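Participant: Here's a structure for you.
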Amino acid sequence: MRPVNKNRATQYLADKVPLLEQPPDTEAAVPSLPELKSKPKETDPSTARLGKRPATPSLADSSRKIIRGPQRALALPVTSRSGNSAGSDLVIRAEPPEDTFKKYYECDLAGTVSVCVRRSGHRAVWAIRQYPCSDADRILEILRSTRHKNVVSVWECFRTPDALYTLSKFHPLTLDHIVACKAFPDQQQLAAIMSQVVDGLSYLVTQNLQHSSMDCSSILMNLEGEIQIARIDCFAVRPGGRVRADDLAPVARVMMQLMQKYVKDDGAVGIDNLDRWRNCSAALEFLSATTSAGSFEELKRRLLTKIHWSPGDLIGLAWFALISARTFYSCAPDDDE
Numbered sequence: 004m005r006p007v008n009k010n011r012a013t014q015y016l017a018d019k020v021p022l023l024e025q026p027p028d029t030e031a032a033v034p035s036l037p038e039l040k041s042k043p044k045e046t047d048p049s050t051a052r053l054g055k056r057p058a059t060p061s062l063a064d065s066s067r068k069i070i071r072g073p074q075r076a077l078a079l080p081v082t083s084r085s086g087n088s089a090g091s092d093l094v095i096r097a098e099p100p101e102d103t104f105k106k107y108y109e110c111d112l113a114g115t116v117s118v119c120v121r122r123s124g125h126r127a128v129w130a131i132r133q134y135p136c137s138d139a140d141r142i143l144e145i146l147r148s149t150r151h152k153n154v155v156s157v158w159e160c161f162r163t164p165d166a167l168y169t170l171s172k173f174h175p176l177t178l179d180h181i182v183a184c185k186a187f188p189d190q191q192q193l194a195a196i197m198s199q200v201v202d203g204l205s206y207l208v209t210q211n212l213q214h215s216s217m218d219c220s221s222i223l224m225n226l227e228g229e230i231q232i233a234r235i236d237c238f239a240v241r242p243g244g245r246v247r248a249d250d251l252a253p254v255a256r257v258m259m260q261l262m263q264k265y266v267k268d269d270g271a272v273g274i275d276n277l278d279r280w281r282n283c284s285a286a287l288e289f290l291s292a293t294t295s296a297g298s299f300e301e302l303k304r305r306l307l308t309k310i311h312w313s314p315g316d317l318i319g320l321a322w323f324a325l326i327s328a329r330t331f332y333s334c335a336p337d338d339d340e
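Our numbering applies: residue 4 is where the sequence shown begins, and numbers increase by one.
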């Protein structure tokens, strides 16, 4: 008896699809038309789609690319005064963002942010922030000079006569969500948070910048535990030189909020409920050092080099905060659809 051949079936494993990953949003490139060959290439049945077969291109048209759609404004990467390309190949478009993105709602995430999806091409969630035109040049100058994984990054800008808009990856949380939820971070999670915060602040100092009003509400966090200092509009120029007390003060505020959900009314640095942190001497030593350390490197040695951590240590805490904490939002119906 001859064996029976069974058709193979392609199996898609749903749990292998990275639903939350947001790769860089790029316009889909239009491929060149294929070269003519004497024998057509066979199509894999597992990837075939229903539809008309395109007409065979002529030799004269085989090297041409056709891009359809409305005419777009010319956009070039912003360059710094030194002539180097800006931190994230920043592009400025002389058009409003709604030509390219559809806004779904606004919410409070380190300031008001519009949560948007591109109208065509690769669909992913993006955050668009608006700044007044009077502050546009200062914001652009900051963006030209900063690039760090723990400082909010901007992929594109849209400029109109009335405003400047920045396009960034969407981080669904701030550290305020961590403070608002019922969970307290443990010492390892504190190290994961504060190490990223201190690295971001230390970098800003090297760029002679300072965050004028930083607390947990101005620090973004994604669901993979990656943290970025936000509110570019609150960045201010600081005098050069060594780290001062006002550079370290935001670290103490953030640490106290995370450890006990509030800061002291009299401005003092300390924890009221020491019993909760009895076995976390490194965390208490780190908080105390914010009033006396002479540099960010000295501050990091008090906690952050004693404990092994990674952003992944924050994943469970991030998801719990997302589910349990409330975010203020507004959503107006779209009149066009």
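Every residue gets a Cβ at the ideal spot worked out from N, C-alpha and C, and that includes glycine.
Owing to the predicted nature of the structure, the values given are computational and were not obtained by experimental measurement.
In the structure shown, what three-state DSSP assignment does Pro355 receive?
Facilitator: Residue 355 falls outside the range modelled here, since the chain spans only 4 to 340, and no answer is possible.
Participant: Would you kindly work out how many angstroms separate the C-alpha atoms of Val118 and Ile181, rounded to a whole number?
Facilitator: Taking the straight line joining both Cα atoms gives about 21 angstroms.
Participant: Do Met224 and His151 come within 8 angstroms of each other at the CB atom, strictly closer than that value?
Facilitator: No.
Participant: Along the beta strand (DSSP E) that carries Ile222, what are the first and last residues, could you check?
Facilitator: Start and end: Ile222 to Met224.
Participant: Quick one: what's got a C-beta closer than 8 angstroms to Lys19's C-beta in the same chain, skipping five residues either side?
Facilitator: Its pLDDT being 47, under 50, Lys19 is placed unreliably by the model, and nothing is read from it.
Participant: Enumerate in chain order the residues of its own chain whose CB-to-CB distance from Asp269 is below 7 angstroms, with the five nearest sequence positions on each side excluded.
Facilitator: No residues qualify anywhere along the chain.
Participant: Determine the burial state of Tyr168: buried for a count of at least 16 other Cβ atoms within 10 Å of its Cβ, exposed for fewer.
Facilitator: When all chains shown are included, Tyr168 counts as buried.
Participant: Beta-carbon within less than 7 angstroms of Ala186's beta-carbon, same chain only, minus the 5 sequence neighbours each way: which residues are those?
Facilitator: Counting only Cβ-Cβ distances below 7 angstroms, and skipping sequence neighbours, we find Leu320 and Phe323.
Participant: Rounding to the nearest angstrom, what Cα-Cα distance links Val208 and Arg147 in this structure?
Facilitator: Distance between the alpha carbons of Val208 and Arg147: 16 angstroms.
Participant: What I want to know is whether the C-beta of Ile196 ends up closer than 7 angstroms to one or more non-hydrogen atoms of the ligand ATP.
Facilitator: Ligands are entirely absent from the displayed structure, and the ligand ATP is therefore not among its contents.
Participant: Between the C-alpha atoms of Asp140 and Tyr134, what's the straight-line distance to the nearest angstrom?
Facilitator: Approximately 10 angstroms, taken between the alpha carbons.
Participant: Nearest to Cys110 by alpha carbon, out of Ser220, Ser137 and Leu204?
Facilitator: Answer by Cα proximity: Ser220.
Participant: Taking the DSSP output, what are the residues bridged to Val355?
Facilitator: One cannot answer for residue 355 here, as it falls past the ends of the chain, which runs 4 to 340.
Participant: Grouping DSSP H, G and I as helix and E and B as strand, with all else coil, what is Ile274?
Facilitator: Three-state DSSP puts Ile274 in coil, outside helix and strand.
Participant: With distances taken from CA atoms, which of Leu261, Leu226 and Phe238 is nearest Asp250?
Facilitator: Ranking the options by Cα distance to Asp250, first place goes to Phe238.
Participant: Quick one: what's got a C-beta closer than 8 angstroms to Arg126's C-beta in the same chain, skipping five residues either side?
Facilitator: Hits under 8 angstroms: Val120.
Participant: What's the gap between the Cα of Pro314 and the Cα of Val200?
Facilitator: Taking the straight line from one Cα to the other gives about 12 angstroms.
Participant: If you draw a straight line from the alpha carbon of Phe331 to that of Leu325, how long is it in whole angstroms?
Facilitator: Distance between the alpha carbons of Phe331 and Leu325 is about 13 angstroms.
Participant: To the nearest angstrom, how far is it from the Cα of Cys136 to the Cα of Glu101?
Facilitator: Roughly 17 angstroms between the two C-alpha positions.
Participant: Do you know how far the Cα of Ser291 is from the Cα of Asp92?
Facilitator: The alpha-carbon atoms of Asp92 and Ser291 are separated by roughly 40 angstroms.
Participant: In the DSSP assignment, what are the bridge partners of Leu167?
Facilitator: Leu167 is bridged to Tyr134 and Arg162.
Participant: Got a sec: is the Cβ-Cβ distance from Thr308 to anything in chain B below 8 angstroms?
Facilitator: Although the question refers to chain B, the structure presented lacks it and comprises just one protein chain.
Participant: Just mark Leu277 as buried or exposed, buried being the case when its beta carbon has 16 or more other beta carbons within 10 Å.
Facilitator: Counting Cβ neighbours within 10 Å, Leu277 comes out exposed, since fewer than 16 surround it.
Participant: Any idea if Asp202 is buried or exposed, counting beta-carbon neighbours within 10 angstroms, 16 or more meaning buried?
Facilitator: Under this definition Asp202 is a buried residue.
Participant: Which same chain residues end up closer than 7 angstroms to Trp312 when comparing Cβ atoms and leaving out the 5 residues on each side of it in sequence?
Facilitator: Excluding positions up to five away in sequence, the list reads Gln191, Ala194, Ala195 and Ser198.
Participant: Roughly how many angstroms separate the alpha carbons of Leu302 and Gly124, rounded to a whole number?
Facilitator: So the two alpha carbons sit approximately 45 angstroms from each other.
Participant: Does Gln25 pass the burial test, meaning 16 or more other C-beta atoms within 10 Å, or should it be called exposed?
Facilitator: For Gln25, the predicted model reports a pLDDT of 48, less than 50, meaning its position is unreliable; a value from the coordinates is still stated below. With fewer than 16 other Cβ atoms within 10 Å, it is exposed.
Participant: Taking just the CA atoms, how far does Arg122 sit from Glu3?
Facilitator: The question about residue 3 has no answer here: the residues shown for the chain are numbered 4 through 340.
Participant: For Asp111, which of helix, strand or coil comes out of DSSP?
Facilitator: Strand at Asp111.
Participant: Taking just the CA atoms, how far does Tyr265 sit from Arg329?
Facilitator: Taking the straight line from one Cα to the other gives about 17 angstroms.
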